[in-house]
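Each residue of the sequence shown is one higher than the one before, counting from 4 in the working numbering. Every residue gets a Cβ at the ideal spot worked out from N, C-alpha and C, and that includes glycine. Notes for the one structure printed next.
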Amino acid sequence: LKQKVEEEVEKNIDRMVQELSNQGYAFVEIIPMVNKNHATRQISLTFDLKPGARVYVNRINIEGNTRTQDNVIRRQLRLAEGDALQSNKLKRSKDRLTYLDYFSKVDITPEETSLPDKVDLNVKVEEQSTGEFNIGAGVSSYEGVLATLDIKENNFLGKGQQLKFGFSLSSKRKDFNLGITEPWFMGRELLAGADIYSKETSYDDESSYDEAILGTAFRLGFPIDEYKRNTIRLKLENKEVQDVDSDSSQFIKDLEGDRNKVAVANTLSIDTRDNALIPTKGYNAAWTVEYAGFGSDISYVKNTVKGSYNYAITDDYVLTVAGRSGYLWDINNDTPITENFRGGGSTLRGFAPSGIGPRDRTTNDALGGQFMIGHNVEMRYPIPGMKDSGVNGILFWDGGLVTSLDDPYGIVEDDNLYRQSVGTGFFWRSPLGPLRFEFGIPIVSADEDEKEVFSFSFGTRF
């Protein structure tokens, strides 16, 4: 009993020290005084708090940033010169610098000065490569051999700007995209970005047509609080569907020709993860509402919600649980099936992209659906004997459903089956770049589903 009381006293002292430290009292003394009442067998506790004087930040010294500009680091700090030293803001400053993924190591250390109520903050960082050159390859029953090339610089000229270029090629598709992002537009915490992209996709096997998209997009995002932000996107696209087979589904024949689309999307998101690429704790979630119309050829409202939670069972074993759902409302019955949700690929490993969902029962063309829901459960663990090499094993269980399609022709086969798969693989953040290999086995599927054999990707950083 005595040990339990002492443990509770220590916990209460720690909480009070933390709270006072958050208020700027860096040097706190708390003395517990115990009064025993032997007659009633009760104990009363009194805590004598001596918070001392408040401590303020004198100077912020930054070292180790051989490439990243000082202002890029300073704008991530939640403490400025003259502020009261608060431990929660000190921790958050370190988390924000770490999350940038510009540095392999971040340390923020208070240092006493000649003034009793002033401390200097020494911010020490170690730069790491922020450019990525990724070459990916995959083999599936759907696309055959797929090759991708991605070049991205996350800290362009040390100013924190992001440039990216992507190209992918297979027997089924050819994609190109070029984008730039400025996270501090006009010196304020406003994210601004622009993209241009081109997508050429052949749906010969599953839907009997080819589609070409040429588009541009603009983004503007701003923080709501420490972990939440809002992002607005404007998309302008021209879509052309051609090479429709004469024996295709009537849904496919309706697609042929050119369409212009103007869409605005708003995304409300929250992200508390410690690392976006390999998180060990925290969660993220996003709700997106997209409206297409404004006099263009396509009009709809699309709602999507997705999120994930990461839990470190031990220091080496991390469990990630993710979910997603979406619904599309066709406003004027003019929305082509190309806007529908598709299932498979990276969200449902073991199935090919567009491998599940409603189909034409006669032609077996994949049509997509206006409702989708799915989950991913993944365990990341160190492979015995390879822990120091940074190689992690992966076990996963995926599931997903794509359904709900208006059927004016009476030709849609929609079994409402929630597909599932299990699998394994490994992830290695090697010195040459990230390497990922996954093998998925469908455990709940339909005969007409398209399966994926395996996939892998490899890249390097510069």
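inquiry  = Can you give me the C-alpha to C-alpha distance between P356 and S201, rounded to a whole angstrom?
reply    = Residue 356 sits at position 353 when you count from the first residue of the sequence shown. Residue 201 sits at position 198 when you count from the first residue of the sequence shown. Those two C-alpha atoms are separated by around 19 Å.
request  = Can you check DSSP and say which residues form a bridge with D153?
outcome  = Walking along the sequence shown from the start, residue 153 turns up at place 150. DSSP lists N137 and G169 as partners of D153.
inquiry  = Just to confirm my understanding: we take I273, look at its own chain, exclude 5 residues before and 5 after, and list those with CB closer than 7 Å. What are they?
reply    = Position 270 of the sequence shown, counted from the start, is the residue given in the question as residue 273. Closer than 7 Å at Cβ, skipping near neighbours: Y230, K231, N287 and A288.
ask   = If you count every other CB in all the chains shown that lies within 10 Å of the CB of S211, and 16 or more means buried, which is it?
value = Within the sequence shown, residue 211 is the residue found at index 208, counting from 1. That one is buried.
key: Boundaries of the alpha helix (DSSP H) in which E45 is found, first to last residue   = Within the sequence shown, residue 45 is the residue found at index 42, counting from 1. The sequence as given places Gln at residue 45; Glu does not occur at that position. From DSSP, Q45 is part of no alpha helix (DSSP H) but of the beta strand (DSSP E) over Q45 to K53.
message = Within 10 Å of its beta-carbon, does N379 have 16 or more other beta-carbons around it, so buried, or fewer, so exposed?
response = By one-based count along the sequence shown, residue 379 stands at place 376. Looking at its Cβ environment, which holds 16 or more other Cβ atoms inside 10 Å, N379 is buried.
query = Are three or more beta carbon pairs between the stretch 361-374 and the stretch 403-416 nearer than 8 Å?
reply = With contact defined as three or more Cβ pairs closer than 8 Å, the stretch 361-374 and the stretch 403-416 are in contact.
request  = Using the Cα positions of Q72 and D98, report the straight-line distance between them to the nearest angstrom.
outcome  = In the sequence shown, the residue the question calls residue 72 occupies position 69. In the sequence shown, the residue the question calls residue 98 occupies position 95. Cα-Cα distance, rounded: 18 Å.
message = I want to know whether the stretch 99-111 touches the stretch 40-53 - three or more CB-CB distances under 8 Å.
response = No contact exists between the stretch 99-111 and the stretch 40-53.
query = Whose C-alpha, out of N395, K242 and A56, is nearest the C-alpha of L438?
reply = Walking along the sequence shown from the start, residue 438 turns up at place 435. L438 has its Cα closest to that of N395, out of N395, K242 and A56.
query = For the alpha helix (DSSP H) that contains D178, what are its first and last residues?
reply = Along the sequence shown, read from residue 1 onward, the residue named residue 178 stands at position 175. Careful: D178 lies outside any alpha helix (DSSP H), inside the beta strand (DSSP E) at R176 to E185.
ask   = Which partner residues of P113 appear in the DSSP bridge assignment?
value = Within the sequence shown, residue 113 is the residue found at index 110, counting from 1. P113 is bridged to L124.
key: Extent of the continuous beta strand (DSSP E) to which L322 belongs   = Working through the sequence shown from its first residue, we reach residue 322 at position 319. For L322, the enclosing beta strand (DSSP E) stretches over residues V321 to D333.
ask   = How many whole angstroms separate the CB atoms of E129 and K155, which I take to be in contact at a CB cut-off of 8 Å?
value = Mapped onto the sequence shown, residue 129 falls at position 126. Mapped onto the sequence shown, residue 155 falls at position 152. About 21 Å separates the CB atoms of E129 and K155; that is not less than 8 Å, and the two are not in contact.
inquiry  = For T174, count the other beta carbons within 10 Å of its own beta carbon; 16 or more makes it buried, fewer makes it exposed. Which is it?
reply    = As a first step, residue 174 must be located in the sequence shown, where it is residue number 171. One point to set straight first is that residue 174 is Ser, not Thr, in the sequence displayed. S174 is exposed by the Cβ-count criterion.
For E259 and V267, believed in contact at Cβ under 8 Å, the rounded distance = For the purposes of this step, residue 267 is taken as residue 264 along the sequence shown, with counting starting at 1. For the purposes of this step, residue 259 is taken as residue 256 along the sequence shown, with counting starting at 1. Contact annotation, V267 with E259: C-beta distance approximately 27 Å; criterion of less than 8 Å not satisfied.
R345 to G358 span [Cα, whole Å] = Translated into the one-based positions of the sequence shown, residue 345 becomes position 342. Translated into the one-based positions of the sequence shown, residue 358 becomes position 355. Here the alpha carbons of G358 and R345 stand approximately 8 Å from one another.
query = Using CA coordinates, which residue listed in G353, D417, F429 and Q89 is at the minimum distance from M389?
reply = The residue given as residue 389 occupies position 386 in the sequence shown. Put simply, of G353, D417, F429 and Q89 the residue whose alpha carbon is nearest the alpha carbon of M389 is F429.
task = Following the continuous alpha helix (DSSP H) through Q253, name the residue where it begins and the one where it ends.
result = Working through the sequence shown from its first residue, we reach residue 253 at position 250. Membership of Q253 in the alpha helix (DSSP H) is indicated by the continuous run Q253 to K256.
task = With a threshold of 16 other CB atoms inside 10 Å of the CB of A83, please say whether the residue is buried or exposed.
result = One-based indexing of the sequence shown puts residue 83 at position 80. An exposed status is given to A83, since fewer than 16 other beta-carbon atoms sit within 10 Å of its beta-carbon.
task = Buried or exposed for E240, please, with buried defined as at least 16 other CB atoms from any protein chain shown within 10 angstroms of its CB.
result = Along the sequence shown, read from residue 1 onward, the residue named residue 240 stands at position 237. Counting the other Cβ atoms within 10 Å of the Cβ of E240 gives 16 or more, which makes it buried.
task = Assign D207 to one of two classes, buried (16 or more other C-beta atoms within 10 Å of its C-beta) or exposed (fewer than that).
result = Here residue 207 corresponds to residue number 204 of the sequence shown, with the count starting at 1. Exposed, because fewer than 16 other Cβ atoms sit within 10 Å of the Cβ of D207.
key: Nearest-angstrom Cα separation, counted from Y28 out to E348   = In the sequence shown, residue 348 corresponds to position 345, counting from 1. In the sequence shown, residue 28 corresponds to position 25, counting from 1. Sequence inspection shows Gly at residue 348; the Glu mentioned does not correspond to that position. About 53 Å.
ask   = Along the chain, where does the beta strand (DSSP E) that runs through V60 open and close?
value = As a working note, residue 60 is residue 57 in the sequence shown. Here the beta strand (DSSP E) through V60 covers Y59 to E66.
First and last residue of the uninterrupted beta strand (DSSP E) at R95 = Taking the sequence shown and counting its residues from 1, the one referred to as residue 95 is at position 92. Here R95 belongs to no beta strand (DSSP E); instead the alpha helix (DSSP H) covers S90 to Y102.
message = So, at 7 Å on beta carbons, what are the nonlocal neighbours of G426 in its own chain, with the 5 sequence-adjacent residues on each side left out?
response = In the sequence shown, counting from the first residue as 1, residue 426 sits at position 423. Contacts found: R352, G353, F399, E441, F442, G443 and I444.
Where the beta strand (DSSP E) containing D198 begins and where it ends = As a first step, residue 198 must be located in the sequence shown, where it is residue number 195. Per DSSP, the unbroken beta strand (DSSP E) holding D198 starts and ends at L194 to S205.
ask   = For the alpha helix (DSSP H) that contains D73, what are its first and last residues?
value = Here the question's residue 73 lines up with position 70 in the sequence shown. Per DSSP, the continuous alpha helix (DSSP H) segment holding D73 begins and ends at D73 to R77.
inquiry  = Rounding to the nearest angstrom, what Cα-Cα distance links R464 and S249 in this structure?
reply    = Mapped onto the sequence shown, residue 464 falls at position 461. Mapped onto the sequence shown, residue 249 falls at position 246. Residue placement at R464 is flagged as unreliable, the pLDDT there being 43, under the threshold of 50; the coordinate-derived value follows with that caveat. Cα-Cα distance, rounded: 47 Å.
ask   = Starting from H41 and walking both ways along the beta strand (DSSP E), at which residues does that stretch end?
value = Locating residue 41 in the sequence shown gives position 38, where the first residue counts as 1. No beta strand (DSSP E) contains H41, which DSSP labels as neither H nor E.
ask   = DSSP three-state call for F430: helix, strand or coil?
value = Numbered from 1 along the sequence shown, position 427 holds the residue referred to as residue 430. The answer is strand: DSSP assigns F430 an E or B state.
ask   = Helix, strand or coil for V20 per DSSP?
value = On the sequence shown, residue 20 is found 17 positions in, with the first residue counted as 1. If DSSP states are grouped into helix, strand and coil, V20 belongs with the helices.
task = Assuming N269 and N233 form a contact by the criterion Cβ under 8 Å, report the distance between their Cβ atoms to the nearest whole angstrom.
result = If you number the sequence shown from 1, residue 269 lands on position 266. If you number the sequence shown from 1, residue 233 lands on position 230. At roughly 7 Å, the Cβ-Cβ gap stays under 8 Å, so N269 and N233 are in contact.
inquiry  = If I follow the unbroken beta strand (DSSP E) through D417, where does it start and stop?
reply    = Start at 1 with the first residue of the sequence shown, and residue 417 comes out as number 414. Where D417 is concerned, there is no enclosing beta strand (DSSP E), given that its DSSP letter is neither H nor E.
task = Can you tell me which of the three DSSP states I216 falls into?
result = Walking along the sequence shown from the start, residue 216 turns up at place 213. Reduced to three states, the DSSP call for I216 is strand.
message = For L80 and G190, I'd like the C-alpha separation in whole angstroms.
response = Locating residue 80 in the sequence shown gives position 77, where the first residue counts as 1. Locating residue 190 in the sequence shown gives position 187, where the first residue counts as 1. Distance between the alpha carbons of L80 and G190 is about 15 Å.
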